[in-house]
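Since the structure comes first, as structure tokens, the remarks are kept for the end.
Protein chains in written order, with the numbering used here: chain B, 108 to 217; chain X, 108 to 217.
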């Protein structure tokens, strides 16, 4: 049982806030810093630290630009990031399966 | 979008190793320390620290005993632990749904 799905989870991606960032960026393709901060209820400093971790791991790209003359920071997933998110989701599904297959009747996990 | 599923995840339960512990204990109902250590490929010290976090949060119970005259440490989920695991799984499923609903054709998350 050394192949337990929890062993396949990557701490860089699995961490709660970073998983949220990657899911949101995946869904929106390109996301502005302020939107991530509001959606995930983070301080700018905390969000910045997590983005830094993801950027260093080559999972996201950060682009600075302007929108309506205001400076903006845009976040997108890299190809590595899309692959890493797919692996995370696949391992999470396996883990959910191990939990749900032993549910007693009337104790269904929803 | 302040109700993003990532905001509903509890760091105590979501952390990779602790989620693994809770999934295994849930599946086996009662698990011995050495089995968890082997299955999750941890040092005794590291496993002990994570069990301590879960016990302090009233998510698991730890019982010391003997099996074949050898000292054993058994781990079970508390009622709170079962509820917390259910909540974690429910939020993970929502998060997986947000990722999968935007997959492009041929890019299915498996």
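Every residue, glycine too, gets a C-beta built ideally from N, C-alpha and C. Just so it is clear, the structure is predicted and the values come from calculations on it, not from any experiment.
Q.
Residues of chain B with CB closer than 7 Å to the CB of residue 123/X, please, in chain order.
A. 113, 116, 118, 121
Q: Check the Cβ-Cβ distances between residue 200/X and every residue of chain B, and say whether any is below 8 Å.
A: yes
Q) For residue 177/B, does the three-state DSSP call read helix, strand or coil? A) Three-state DSSP puts residue 177/B in a strand.
Q | Nearest candidate by alpha-carbon position, reference residue 115/X, set 206/X, 195/X, 204/X | A | The closest CA to that of residue 115/X, considering only 206/X, 195/X, 204/X, is found on 195/X.
Q: Determine which residues share a DSSP beta bridge with residue 139/B and list them.
A: 181/B
Q.
Give me the chain X residues within the contact set of residue 138/B, using Cβ-Cβ distance strictly less than 9 Å, ordered along the chain.
A. Result: empty, since nearest Cβ-Cβ is about 11 Å, beyond 9 Å.
Q.
Please tell me whether residue 205/X has its Cβ less than 8 Å away from any Cβ of chain B.
A. Yes, because at least one Cβ of chain B sits closer than 8 Å to the Cβ of residue 205/X.
Q) Is residue 188/B buried or exposed, if buried means 16 or more other CB atoms sit within 10 Å of its CB? A) buried
Q: Please classify residue 170/B: does DSSP put it in a helix, a strand, or coil?
A: strand
Q: Compare the Cα-Cα distances from residue 147/X to each of 169/X, 123/X, 135/X, 170/X and report the closest residue.
A: 123/X
**Q.** Cβ neighbour criterion (16 or more within 10 Å) applied to residue 111/X
**A.** buried
Q: Kindly indicate the opening and closing residues of the alpha helix (DSSP H) around residue 208/X.
A: Here residue 208/X belongs to no alpha helix (DSSP H), and DSSP marks it neither H nor E.
Q: Spatial neighbours of residue 151/X within its chain, please: CB distance less than 7 Å, with the 5 preceding and 5 following residues excluded, ordered by chain position.
A: 144
Q. Quick one: is residue 133/B buried, meaning 16 or more other Cβ sit within 10 Å of its Cβ, or exposed?
A. buried
Q) Within the 8 Å Cβ cut-off, does residue 130/X reach chain B? A) Answer yes: the Cβ-Cβ gap between residue 130/X and chain B drops below 8 Å somewhere.
Q) How would you call residue 136/X, buried or exposed, if buried means at least 16 neighbouring beta carbons within 10 angstroms? A) exposed
Q | Per-residue burial, residue 127/X [other beta carbons within 10 Å of its own, 16 or more giving buried] | A | buried
Q: Could you tell me whether the region 168-186 of chain X touches the region 190-206 of chain B, where touching means 3 or more Cβ pairs closer than 8 Å?
A: no
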